[in-house]
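One structure is given below, encoded as structure tokens.
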Amino acid sequence: MNTSRTSRGVAGIFYCANPATPYRIAAAVIFCFLLLVSERLTAQEIGSVTGFVYDATDGSPIARAFISIENSEAVAISGDNGAFRLVSLPVGDYRIRAEADGFEDSDWRHITLAAGTDTEVDFRLDRKIYYLGESTVTGNAAQLNRSEVAAVTREDIEKQASTTVADVLDDIDGVYVQTTGPAGSESRVSIRGCDPKHVLVLIDGQRVNTAGTGVADLSSIPLEIVDRIEVYKGGESARFGSDAVAGVIDIRTILENEYKPQISLSRNWADWQSKRLELTARDFIPSAHFSHRISISNFSAYGDFPFQYSVSPRPDLVKSYTGNRMNSEIEQTSLYGSGRYEFNPTTALSLSGQVYHSTSGMPGPVSNPDTTAWKEDNRLQANVKLESEYSPNWTQTVTIGFSRFEQYFNNLDHQQAASRFESRYINDIAKAEATHNVIPFAGNDITLGTSVERNILYHDDLLRPIASLGRTVRDNIGVFAHDRQTVQLHRQWLPDAVTLSGSVRFDNTDTRRNGTNDSEEIRHDENTSHKLTLSFVKGDDNKIILRTGYGRSFRLPEVNALFWKGDVRSAGNPDLRPEKSEHSDVGLEIHLINPVKVSMGTTYFHQYTRDLIFWQPSSPGETWKPVNLDASRVTGHEDFIELDLFDDVLALSYQNTVIAPKNRTPGGPSYNKDLTFRPRYITTWTAEVKYKGMFCRSSLRSVGRRFALAANTKWYDAYQVNDIAAGFTVPFSDFDVRVMYRLDNFNDEDYVLIGQYPMPGREWGVSVRLSYQPGLSRKAATSNME
């Protein structure tokens, strides 16, 4: 709440004793008026307090800390990044402090507010210690590490030369993004050598994976709307439900309540006639309680590109493809908005939504190119979240989301009648979720919740109505629980802290289809998922983390695999069983800040999946149908080394993922062979220099060969891609201008990421961004003085 000083009143009694008295009365009235005006003007001289709240032990941000001013009703609650802000405070001297559950209260601090300026105050809170026999428990001592979740913030994105979400994810170890062409083309993501169908992609809790194919297309998510990305590696159905067999990409767009007005305009030019225009405005309505952002963008690429690559590089099987990629044009438009309003320190309402439209050509594989096929993609997504705090140890969150994905496919101009098609998919997803977070005692965090989701898919074959799938409805009710306990041990123990986390979830699913000419088909599935992780931490600034985990996850068959209408080429299989996986990992990380800043670690992982769904012909020349393979096994390890030198001026990194993806279905030529399109290794070396607003980045990625057939008789050869980027930022007054140049694949390597879809050769791009942020010049001057 804001405070203001109350104007003092002036009263007087006047007696007219002579003719001059009226003038004295007028003078007195004018004096009173001027005094009141001066008091009002003085009351309008206001300032603000901003800052962060950190954990004094490891420097991590503390969320939901309570910041108060002595003898005042002005309060603030820190966000997830530890930031807080108090605005519209009258100038003067104050005393301020911070409090947080599980931490010792800070001492009162003296501050002086000047008119029209931000006074910065940071707090570092010590953890409370509770003695329990020979061990102790500390509040909020949870340790996150890279083997559990990799997080990318908006600040990280701003420092990169990335233009798409796929570019950002491609820089994370263990993540492999597959695209059908240059920037803006269809992109899908794989984690630790999994099938892209096994990665669940969320935007503000709402799934992006379509019910028809089960795959999420990253190209429909504009980078400018992203505030934070969290990548969970390994099965996470115990936390997120179906489809999270190999990992989760959790994208968040809603800002915290930190008043930061900003307007930015970006323009990008790239090879193949690519152009992108983005306009983003944040907090353009002044408010201490309402943070908001709108963004509009347009992307187009019309240029085709030459290609050359080969399959099965053996003298007797080599087959080369050379030519010009045709029919690969694309145009995308996105309108996005989000807002978060704090009614009071304990209640907040968040909203976000996106309208997306794209049209693109469908060139098809180069072995069977198509110059006439095209598709239209329309998406609508909206989310509402209500957060309520009943006490410092009990909070509730209710989320409601809706999305509609509409895709239209057309190839009526094809010369061959058998290759013509015209169809439409409409996928509606509605979801409601309620969670309760309880802290029964310091060091323990319990989350209980339930979710209800309805997923409806309409499919109409407009050219051949008899082949339409009709309407399919999938209803899911999920109940879940998560508990995290951290115990701080005595210093004489080998680890300083131990964290045990456990998650369990039960899903009850009904799938019903009412086809055009068929009676209703009903399918019922019940699945229980669980996950247990244990981590040990030694040290504070120089730290060692040992972590291990085990769990089970599942994935329901996609609608197309279940109910696709049979023809001479393909047919669905309503008897498919859910895919179920058993996964485990163990990782070791070392983080040092003295004598140099270096992080390193390795994680060994294992995943065994039963009833893997795979499309294959029952015999040569027969119809392709999805079947459940007996099992598959993916084992491997991830390694990373990061080194920061000269106060973060020079950063060097090494990332390496090695996998052995095996088909474990007994019998046949595919037993113990590599699963298709899974590279045996992905290795990336990166060097980056940053100095006074300038940066230069160079990366070298090596990817092993990928087999094109289940019997491993054909493969795509290994390749290396070199990328470089450079840029600078120039501030002036309240503006800054950022210019970046990138050169992708400057060694002009011939390679493919998805079978029969070649990638372009050397590709350049230039981007220019102009940003306006009130108070930017003042903050820069303050930073320089510090």
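In terms of numbering that gives the first Met the number 0, the sequence shown opens at residue 0 and continues consecutively. Every residue gets a Cβ at the ideal spot worked out from N, C-alpha and C, and that includes glycine.
Cβ shell of L411 (< 7 Å), same chain only, five flanking positions each side left out: Your numbering for residue 411 matches position 412 in the sequence shown. Here the set comprises R419 and E421.
Whole-angstrom distance between Y549 and G538, CA atom to CA atom: Taking the first residue of the sequence shown as 1, we reach residue 538 at position 539. Taking the first residue of the sequence shown as 1, we reach residue 549 at position 550. In this structure, the CA atom of G538 is about 25 Å from the CA atom of Y549.
Alpha-carbon to alpha-carbon, I224 and R632: Counting from one through the sequence shown, the residue named residue 632 turns up at place 633. Counting from one through the sequence shown, the residue named residue 224 turns up at place 225. Rounded to the nearest angstrom, the gap between the Cα atoms of R632 and I224 is 37 Å.
Residues near D747 in its chain [Cβ-Cβ closer than 7 Å; skip 5 each side]: Start at 1 with the first residue of the sequence shown, and residue 747 comes out as number 748. Within the same chain, D747 has close Cβ partners G760 and R761.
Contact between the segment 425-445 and the segment 202-219 (3+ Cβ pairs under 8 Å): Under the Cβ criterion (8 Å, minimum of three pairs), the segment 425-445 counts as touching the segment 202-219.
Rounded straight-line distance, which links the Cα of N671 to that of E185: In the sequence shown, residue 185 corresponds to position 186, counting from 1. In the sequence shown, residue 671 corresponds to position 672, counting from 1. Cα to Cα, E185 sits roughly 31 Å from N671.
Status (buried if at least 16 other CB within 10 Å, exposed otherwise) for R473: Taking the sequence shown and counting its residues from 1, one reaches residue 473 at position 474. Label assigned to R473: buried.
Burial state of I95, where buried means 16 or more other Cβ atoms lie within 10 Å: To locate residue 95, count along the sequence shown from 1; it is residue 96. Buried, since its Cβ has 16 or more Cβ neighbours within 10 Å.
Every unbroken beta strand (DSSP E) inside the segment 418-453 [3 residues or more]: The segment 418-453 contains these whole beta strand (DSSP E) runs: 421-437.
Residue span of the beta strand (DSSP E) that contains N792, given as start and end: Nothing can be reported for residue 792, as the shown portion of the chain is limited to 0 through 785.
Member of N507, I544 and S105 whose CA lies at the smallest distance from the CA of N526: Position 527 of the sequence shown, counted from the first residue, corresponds to residue 526. Per the Cα distances, N507.
Run of the beta strand (DSSP E) containing S337, from where it starts to where it stops: Sequence index remark: in the sequence shown, residue 337 carries index 338 (1-based). That run of the beta strand (DSSP E) goes I329 to N343.
Residues of its chain near E119, where Cβ-Cβ distance is below 7 Å and the 5 sequence neighbours each way are ignored: What you label residue 119 is simply residue 120 of the sequence shown in a count that begins at 1. Hits under 7 Å: T49 and G50.
Spatial neighbours of I29 in its chain, beta-carbon cut-off 6 Å, leaving aside the 5 residues before and after: The residue labelled residue 29 in the question sits at position 30 within the sequence shown. Bear in mind that a pLDDT of 49 at I29, under 50, signals an unreliable position, so the model cannot answer this.
For W268 and D155, the rounded distance between their alpha carbons: Residue 155 sits at position 156 when you count from the first residue of the sequence shown. Residue 268 sits at position 269 when you count from the first residue of the sequence shown. If you take the alpha carbons of D155 and W268, they lie about 22 Å apart.
Check whether G571 and L561 have beta carbons under 8 Å apart: The sequence position of residue 571 within the sequence shown is 572, counting from 1. The sequence position of residue 561 within the sequence shown is 562, counting from 1. Yes, these two residues count as a Cβ contact at 8 Å.
Euclidean distance between Cα positions of P391 and S732: Mapped onto the sequence shown, residue 391 falls at position 392. Mapped onto the sequence shown, residue 732 falls at position 733. Those two C-alpha atoms are separated by around 42 Å.
Complete runs of the beta strand (DSSP E) confined to the segment 585-647 [at least 3 residues]: If we require 3 residues or more, the beta strand (DSSP E) runs fully inside the segment 585-647 come out as 596-609, 612-616, 623-627 and 630-644.
Candidates A160, T162, Q159 and L168: closest to V148 by CA position: Taking the sequence shown and counting its residues from 1, the one referred to as residue 148 is at position 149. Closest by alpha carbon: L168.
According to DSSP, residues forming a beta bridge with N323: Position 324 of the sequence shown, counting from 1, holds the residue named residue 323. Answer is P305, bridged to N323.
Assigned secondary structure, K713 (DSSP; H/G/I helix, E/B strand, else coil): Residue mapping note: residue 713 aligns to position 714 of the sequence shown, counting from 1. Looking at K713 - three-state DSSP - the assignment turns out to be coil, as it is neither helix nor strand.
Sequence ranges, beta strand (DSSP E) only - wholly within the segment 174-234, length at least 3: Segments of the beta strand (DSSP E) lying fully in the segment 174-234: 174-178, 186-190, 198-202 and 227-232.
Short Cβ contact (8 Å threshold) for I253 with S189: Counting from 1 along the sequence shown, the entry for residue 253 is found at position 254. Counting from 1 along the sequence shown, the entry for residue 189 is found at position 190. No. Outside cutoff.
Proximity below 8 Å, CB of S534 to CB of R522: The count along the sequence shown starts at 1 and reaches residue 534 at position 535. The count along the sequence shown starts at 1 and reaches residue 522 at position 523. Contact flag unset, no.
CB contact flag (V437, W393, <8 Å): Counting from one through the sequence shown, the residue named residue 437 turns up at place 438. Counting from one through the sequence shown, the residue named residue 393 turns up at place 394. With respect to W393, V437 sits close: the two C-beta atoms are nearer than 8 Å.
Backbone secondary structure at L168 - three-state DSSP: Along the sequence shown, read from residue 1 onward, the residue named residue 168 stands at position 169. Note: L168 maps to helix in three-state DSSP.
Per-residue DSSP class, three states only, for E157: Locating residue 157 in the sequence shown gives position 158, counting from the first residue. E157: helix per DSSP, three-state reduction.
8 Å contact criterion, which R227 and K259 should meet: CB distance rounded: Residue 227 sits at position 228 when you count from the first residue of the sequence shown. Residue 259 sits at position 260 when you count from the first residue of the sequence shown. The C-beta distance from R227 to K259 rounds to 15 Å, too long to meet the 8 Å contact threshold.
Same chain, Cβ closer than 6 Å to Y93, five either side skipped, listed in chain order: Position 94 of the sequence shown, counting from 1, holds the residue named residue 93. The answer, listed in chain order, is I68 and I110.
Three-state secondary structure assigned by DSSP to R677: Taking the first residue of the sequence shown as 1, we reach residue 677 at position 678. The three-state reading of DSSP puts R677 in coil, since its state is none of H, G, I, E or B.
First and last residue of the uninterrupted alpha helix (DSSP H) at F283: Within the sequence shown, the letter at position 284 stands for residue 283. F283 -> no alpha helix (DSSP H), and no H or E assigned at all.
With 16 other Cβ atoms within 10 Å as the buried cut-off, status of F283: Residue 283 sits at position 284 when you count from the first residue of the sequence shown. When all chains shown are included, F283 counts as exposed.
Touching by the beta-carbon criterion (3+ pairs, under 8 Å), the segment 689-703 and the segment 715-722: The segment 689-703 vs the segment 715-722: in contact.
Alpha helix (DSSP H) segment containing R403, residue limits: As a first step, residue 403 is located in the sequence shown; it is residue number 404 there, counting from the start. That residue, R403, is in no alpha helix (DSSP H); its beta strand (DSSP E) goes W393 to N409.
Bridge-paired residues (DSSP) for Q414: To locate residue 414, count along the sequence shown from 1; it is residue 415. Partner(s): none; Q414 has no beta bridge.
Given 8 Å, three or more beta-carbon pairs between the segment 644-659 and the segment 680-691: Inter-segment contact for the segment 644-659 and the segment 680-691 is present: three or more beta-carbon pairs are separated by less than 8 Å.
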